[in-house]
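Colleague: Got a structure for you, written out below as structure tokens; questions coming shortly.
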Amino acid sequence: MSRTFDVAILTLILLNVVAVIVGSVRSIEQRWGAFLDAFETLSVVVFTAEYAARLWSCTADPRFRSRFLGRARFASRIMSIIDLIAFLPFYLPFLGIDLRSLRVLRLLRVLRVAKAARYCSPLNLIKQVFQSKKEELVLTSGLLGLLLVVSSTVLYCCENAVQPEAYSSIPATMWWAVATLTTVGYGDMYPVTLAGKLLAGLIAVFGIGMFALPTGILGAGFVEAIQKRKELELVCPHCGKSLAAGSRESHVSYHTETTASIPAVEADADGSRAADIRSRPTPIGRHTLRWPAAGPG
């Protein structure tokens, strides 16, 4: 039942994003505007009910146990704020706010796609990768920012005297630096001095390498996360249930003692081998194999 609900909400989110996109086409809006409005109303009712249910039942979580403060902490979470923004613009006209002057708020409906992270496992994987590689990404972002400032400052010194209108200030030169570092090169600003051209070439080369760093970091993070997830996909050889961490079934199977049907082992003449085997349990995960006593003979 829970899986069916998740799929239904995820489908509704994706349909809402499609509706926002096609609704921006004037011809479609004129012909199907009434249908899109009705679909919007239905979606808002569902999202509002879902938000209210989550807010009401959040006290079952020990982190939000307090009746008022717990719900306040739950409502201040990033995902809860996204859920609220997803349907809040619909109610603004009822508060006397004219959306013609706040049309951008209507476009906030596209943020409903962010709600999909709650129901879609691959999106949660992306979040885990960014969290695990946070320090590396911050470091590379700092290096990119440093390169942006240094290149803008040096090029401003090289080109300001020759092109004072194009390179009027360091902040204005940063636009050129961003376009060059990303290898876009719009062509609206370009150096004409020899020093400026040499610097532009170096910046373009460094830009390729600098942007490859976060790409490699994220790629390695995805590989590590997927391998870790596969390693956790263990299956008990006796009960057949998954031992994957985090699943409800694994919580049950990890606390189940399983008795394996191990063939009896013949004892030595003095019986020492059988006694040694009987006294040694063999753990698999947190399952425990209890060896049967070897019969006499």
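The working numbering puts the first residue of the sequence shown at 18, with every later residue one more than the last. All C-beta atoms in this analysis are idealised placements derived from N, C-alpha and C, irrespective of residue type, glycine included. This structure is a prediction, so every number in the text was calculated from the model and none was measured.
1. With a threshold of 7 Å on Cβ separation, who are the neighbours of Ile143 within its own chain once the five nearest residues in sequence on each side are excluded?
2. If you run the structure through DSSP and keep just helix, strand and coil, what is Glu248?
3. Would you mind working out which of Ile45, Ser19, Leu53 and Glu46 sits nearest Leu32, comparing C-alpha positions?
4. Can you tell me whether Glu274 is buried or exposed? The criterion is at least 16 other CB atoms within 10 Å of its CB, across all chains shown.
5. Look at the alpha carbon of Leu215 and the alpha carbon of Val179, and state the distance between them as a whole number of angstroms.
6. CB-CB under 7 Å to Val146, same chain, minus the five flanking residues each way: which ones, in chain order?
7. Where does Glu152 sit, in a helix, a strand or coil, going by DSSP?
8. Where does the unbroken alpha helix (DSSP H) through Gly87 begin, and where does it stop?
9. If you draw a straight line from the alpha carbon of Phe315 to that of Lys150, how long is it in whole angstroms?
10. Out of Phe228, Val167 and Ala70, state which residue places its alpha-carbon closest to the alpha-carbon of Glu153.
11. Gly8 by DSSP, collapsed to three states: which one?
12. Just mark Leu163 as buried or exposed, buried being the case when its beta carbon has 16 or more other beta carbons within 10 Å.
13. Thinking just about the alpha-carbon of each residue, which of Leu211, Leu172 and Glu46 is nearest to the one in Thr197?
14. For Ser185, name the three-state secondary structure that DSSP assigns.
15. In this structure, does DSSP put Pro208 in helix, strand or coil?
16. Using the Cα positions of Pro48 and Arg246, report the straight-line distance between them to the nearest angstrom.
17. Would you tell me roughly how many angstroms separate the C-alpha atoms of Arg265 and Leu161, rounded to the nearest one?
18. Determine the extent of the alpha helix (DSSP H) in which Arg71 is found, giving its start and end residues.
19. Under a three-way DSSP split, which group does Asp100 fall into?
20. Determine the contact status of Ser169 and Ile187, defining contact as a CB-CB distance below 8 Å.
21. Applying the 10 Å Cβ sphere with the 16-neighbour rule, what's the burial state of Glu176?
22. Determine the burial state of Tyr57: buried for a count of at least 16 other Cβ atoms within 10 Å of its Cβ, exposed for fewer.
23. Which term fits Ile30, buried or exposed, when burial requires 16 or more other beta carbons within 10 angstroms of its beta carbon?
24. Tell me the DSSP secondary structure of Asn11 in three-state form.
25. Thr190: buried (16+ other C-beta within 10 angstroms of its C-beta) or exposed?
26. Determine whether the beta carbon atoms of Val334 and Leu165 lie at a separation below 8 Å.
27. Report buried or exposed for Tyr184, applying the criterion of at least 16 other Cβ atoms within 10 angstroms of its Cβ.
28. Straight-line CA distance for Arg290 to Gly233?
29. Skipping 5 residues on each side, what residues in its chain have a beta carbon closer than 6 Å to that of Val61?
30. Could you pull the start and end residues of the alpha helix (DSSP H) that Ser83 belongs to?
31. Considering just the uninterrupted stretch of the alpha helix (DSSP H) at Asp78, what are its terminal residues?
32. Where Ala221 and Val37 are concerned, what is the direct C-alpha to C-alpha distance, given to the nearest angstrom?
Modeller: The relevant details are as follows:
1. Walking along the sequence shown from the start, residue 143 turns up at place 126. Within the same chain, no Cβ atom closer than 7 Å to the Cβ of Ile143 is found once the five residues on either side in sequence are excluded.
2. Stepping through the sequence shown from its first residue, residue 248 is reached at position 231. Helix, per DSSP.
3. Here residue 32 is taken as the residue at index 15 of the sequence shown, counted from 1. It is Leu53 whose Cα lies nearest to the Cα of Leu32.
4. Here the question's residue 274 lines up with position 257 in the sequence shown. Note that Glu274 scores 43 on pLDDT, short of 50, meaning its location in the model is unreliable and no value can be drawn from it.
5. Counted from its first residue, the sequence shown places residue 215 at position 198. Counted from its first residue, the sequence shown places residue 179 at position 162. CA-CA distance, Leu215 to Val179, rounds to 16 Å.
6. Residue 146 sits at position 129 when you count from the first residue of the sequence shown. Within the same chain, Cβ atoms closer than 7 Å to the Cβ of Val146 are found at Leu235, Gly238, Phe239 and Ala242, the five residues on either side in sequence being excluded.
7. Your numbering for residue 152 matches position 135 in the sequence shown. Three-state result, Glu152: helix.
8. Within the sequence shown, residue 87 is the residue found at index 70, counting from 1. Looking at the DSSP string, the run of the alpha helix (DSSP H) that includes Gly87 is Leu86 to Ala92.
9. No statement about residue 315 is possible, as the shown extent of the chain runs from 18 to 314 and does not include it.
10. Your numbering for residue 153 matches position 136 in the sequence shown. For the residues Phe228, Val167 and Ala70, the minimum Cα distance to Glu153 belongs to Phe228.
11. Given a span of 18 to 314 for the chain in the structure shown, any question on residue 8 remains unanswerable.
12. Here the question's residue 163 lines up with position 146 in the sequence shown. An exposed status is given to Leu163, since fewer than 16 other beta-carbon atoms sit within 10 Å of its beta-carbon.
13. Walking along the sequence shown from the start, residue 197 turns up at place 180. Looking at the Cα atoms, Leu172 is the closest of the given residues.
14. Indexing the sequence shown from 1 puts residue 185 at position 168. Of the three classes helix, strand and coil, the one that applies to Ser185 here is coil, per DSSP.
15. Working through the sequence shown from its first residue, we reach residue 208 at position 191. Three-state result, Pro208: coil.
16. Here residue 48 is taken as the residue at index 31 of the sequence shown, counted from 1. Here residue 246 is taken as the residue at index 229 of the sequence shown, counted from 1. Checking the sequence, you will find Arg at residue 48 rather than Pro. Their backbone Cα atoms lie some 48 Å apart in a straight line.
17. Against the sequence shown, residue 265 aligns to sequence position 248. Against the sequence shown, residue 161 aligns to sequence position 144. Residue confidence is low: Arg265 scores 43 on pLDDT, short of 50, so the model does not pin down where it sits. No coordinate-derived value is stated.
18. Here residue 71 corresponds to residue number 54 of the sequence shown, with the count starting at 1. Unbroken alpha helix (DSSP H) run through Arg71: Arg43 to Ser74.
19. Locating residue 100 in the sequence shown gives position 83, where the first residue counts as 1. DSSP places Asp100 in helix when its eight states are reduced to three.
20. Walking along the sequence shown from the start, residue 169 turns up at place 152. Walking along the sequence shown from the start, residue 187 turns up at place 170. Taking 8 Å as the Cβ cut-off, Ser169 and Ile187 qualify as a contacting pair.
21. As a working note, residue 176 is residue 159 in the sequence shown. Buried: at least 16 other Cβ atoms inside 10 Å.
22. The residue labelled residue 57 in the question sits at position 40 within the sequence shown. Reading the sequence as shown, one finds Glu at residue 57 and not Tyr. Buried.
23. As a position in the sequence shown, residue 30 is number 13, starting the count at 1. It counts as buried.
24. In the structure displayed, the chain extends from 18 to 314; residue 11 sits before or after that span and is not available.
25. Numbered from its first residue, the sequence shown carries residue 190 at position 173. Under this definition Thr190 is a buried residue.
26. This structure does not reach residue 334, given that the chain is present from 18 up to 314, and the question cannot be answered.
27. Here residue 184 is taken as the residue at index 167 of the sequence shown, counted from 1. Burial state of Tyr184 is buried, judged by a 10 Å Cβ sphere holding 16 or more other Cβ atoms.
28. Within the sequence shown, numbered from 1, the residue matching residue 290 stands at position 273. Within the sequence shown, numbered from 1, the residue matching residue 233 stands at position 216. Residue confidence is low: Arg290 scores 48 on pLDDT, short of 50, so the model does not pin down where it sits. No coordinate-derived value is stated.
29. Looking up residue 61 in the sequence shown gives position 44. Within the same chain, Val61 has close Cβ partners Phe104 and Phe107.
30. Within the sequence shown, residue 83 is the residue found at index 66, counting from 1. No alpha helix (DSSP H) holds Ser83; DSSP gives it neither H nor E.
31. What you label residue 78 is simply residue 61 of the sequence shown in a count that begins at 1. It is not in any alpha helix (DSSP H) - Asp78 carries neither H nor E in the DSSP assignment.
32. Within the sequence shown, numbered from 1, the residue matching residue 221 stands at position 204. Within the sequence shown, numbered from 1, the residue matching residue 37 stands at position 20. Each residue's alpha carbon lies about 38 Å from the other.
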